[in-house]
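So the sequence shown is numbered by this note's numbering: it starts at 17 and just counts up by one.
Cβ atoms here follow ideal geometry from the backbone N, Cα and C, with glycine treated the same way.
Being a predicted model, the structure only gives us computed values, none of them experimental.
Taking it in order: structure first as structure tokens, then the write-up.
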Amino acid sequence: MSIITLTTDFGTKDHFVGAVKGAIYSELPDAKIVDITHEISPFNITETAYILKNSYKSFPDGTIHIVGVDSELSNDNKHITIELDNHFFVCPDNGLISMIASEINPTKIVEINIHDRIESSFPVLDVFVQVACFIARGGNLTVIGKEIKDYKKLIEIQPKVNQEKNKIIGGVVYIDNYGNVISNISKKMFNSIGRGRRFKVSASRYFFTKIFAKYNEVTGDNAHDSIQYDGSRLAIFNSAGYLEIAIYRSNLETVGGASTLLGLNYRDSITIDFINDSQPDFSPLT
Numbered sequence: 017m018s019i020i021t022l023t024t025d026f027g028t029k030d031h032f033v034g035a036v037k038g039a040i041y042s043e044l045p046d047a048k049i050v051d052i053t054h055e056i057s058p059f060n061i062t063e064t065a066y067i068l069k070n071s072y073k074s075f076p077d078g079t080i081h082i083v084g085v086d087s088e089l090s091n092d093n094k095h096i097t098i099e100l101d102n103h104f105f106v107c108p109d110n111g112l113i114s115m116i117a118s119e120i121n122p123t124k125i126v127e128i129n130i131h132d133r134i135e136s137s138f139p140v141l142d143v144f145v146q147v148a149c150f151i152a153r154g155g156n157l158t159v160i161g162k163e164i165k166d167y168k169k170l171i172e173i174q175p176k177v178n179q180e181k182n183k184i185i186g187g188v189v190y191i192d193n194y195g196n197v198i199s200n201i202s203k204k205m206f207n208s209i210g211r212g213r214r215f216k217v218s219a220s221r222y223f224f225t226k227i228f229a230k231y232n233e234v235t236g237d238n239a240h241d242s243i244q245y246d247g248s249r250l251a252i253f254n255s256a257g258y259l260e261i262a263i264y265r266s267n268l269e270t271v272g273g274a275s276t277l278l279g280l281n282y283r284d285s286i287t288i289d290f291i292n293d294s295q296p297d298f299s300p301l302t
């Protein structure tokens, strides 16, 4: 039996998550349900895209991902099922799939058309669950809708490069549980555009000329006395491969996180300027 994951902005106070799980078990009593998160900021598509991209790959092929963020049906927000990278995504066509599909092209995209039989103000429960269970039973995607060729692109998810290729212009797409600020600039893009040149990362009124591979590298040779570095700001490529502005050993209740201490919020600009220099002092990270 396929695994079915849930990613929503429902939170856990209300009945929504329980109702969705109950509906799945009613259809598939032996289903395996995994909560990725229900703590997406309300209607935050970019945050959803980041979390989904960096979680789905850990699941086995054939996993079905139900995504319930900004899912109310409208002429501008259709419901789709996407087969991509040997996974299935049942979600609104609001751009949240953009970050995943920017590197891997979908195998099949189907616009769900069972709504003429179901009228609902809770489509995750009444529509997405039915579609996910149908796929789990081995159903063909074209039975639940018509195949389409494209999906909605979310432009803000992708960073931009200026014509001279000496600047990457990105932005904040996610703030994690530690208050660390994650941008949409990938290490792959950084190395491709930077080509070993010196650089300056600018975030708010702060800048960085070094990007670490690990958080504790900020302590240098003083790892035995690392407590003196608590609260130090640093830039790092995180485990997902994206540029992150962090506070070393941040604690939101005491030291604070990069978001609050540096005044960085969702959609704020983060840029990298590359310096053309005959003797660069920086080598691309591997």
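Under DSSP, the beta strand (DSSP E) around residue i begins and ends at which residues?
| i | result |
| --- | --- |
| residue 259 | 258 to 263 |
| residue 218 | 214 to 219 |
| residue 71 | Looking at the DSSP string, residue 71 is not in any beta strand (DSSP E); the run it does join, the alpha helix (DSSP H), is 61 to 72. |
| residue 183 | 183 to 191 |
| residue 292 | That residue, residue 292, is in no beta strand (DSSP E); it is neither H nor E in DSSP. |
| residue 202 | 197 to 202 |
| residue 47 | That residue, residue 47, is in no beta strand (DSSP E); it is neither H nor E in DSSP. |
| residue 225 | Segment: none, residue 225 is in no beta strand (DSSP E) and carries neither H nor E. |
| residue 211 | Looking at the DSSP string, residue 211 is not in any beta strand (DSSP E), and its letter there is neither H nor E. |
| residue 83 | 80 to 84 |
| residue 24 | 19 to 24 |
| residue 127 | 124 to 128 |
| residue 157 | Counting along the chain, residue 157 falls outside any beta strand (DSSP E), and DSSP gives it neither H nor E. |
Nearest to residue i by CA position, among the options, is which residue?
| i | options | result |
| --- | --- | --- |
| residue 161 | 186, 182, 137 and 125 | 125 |
| residue 291 | 50, 212 and 110 | 212 |
| residue 224 | 215, 169 and 232 | 215 |
| residue 103 | 41, 38, 21 and 63 | 21 |
| residue 116 | 198, 84, 286 and 167 | 167 |
| residue 105 | 157, 33, 191 and 59 | 157 |
| residue 249 | 202, 146, 210 and 197 | 197 |
| residue 28 | 152, 56 and 19 | 56 |
| residue 169 | 176, 189, 109 and 122 | 109 |
| residue 70 | 99, 114 and 38 | 114 |
| residue 137 | 260, 259, 32 and 266 | 32 |
| residue 63 | 286, 190 and 273 | 190 |
| residue 282 | 234, 186, 232 and 265 | 186 |
| residue 67 | 261, 256 and 232 | 256 |
| residue 86 | 159, 112, 73 and 99 | 112 |
| residue 36 | 141, 176 and 222 | 141 |
| residue 221 | 151, 261 and 182 | 261 |
| residue 274 | 174, 39 and 251 | 251 |
Tell me whether residue i is buried or exposed, calling it buried when 16 or more other Cβ atoms sit within 10 Å of its Cβ.
| i | result |
| --- | --- |
| residue 253 | buried |
| residue 30 | exposed |
| residue 26 | buried |
| residue 164 | exposed |
| residue 96 | buried |
| residue 229 | exposed |
| residue 179 | exposed |
| residue 92 | exposed |
| residue 41 | exposed |
| residue 45 | exposed |
| residue 59 | exposed |
| residue 200 | buried |
| residue 123 | exposed |
| residue 17 | exposed |
| residue 120 | exposed |
| residue 155 | exposed |
| residue 90 | exposed |
| residue 77 | exposed |
| residue 195 | buried |
| residue 83 | buried |
| residue 171 | exposed |
| residue 159 | exposed |
| residue 266 | buried |
| residue 202 | buried |
| residue 34 | exposed |
Looking at the secondary structure, which residues open and close the alpha helix (DSSP H) in which residue i lies?
| i | result |
| --- | --- |
| residue 150 | 145 to 152 |
| residue 274 | 274 to 278 |
Helix, strand or coil: which one does DSSP assign to residue i?
| i | result |
| --- | --- |
| residue 119 | coil |
| residue 163 | strand |
| residue 231 | helix |
| residue 172 | helix |
| residue 90 | strand |
| residue 104 | strand |
| residue 32 | helix |
| residue 56 | coil |
| residue 285 | strand |
| residue 138 | coil |
| residue 112 | coil |
| residue 75 | coil |
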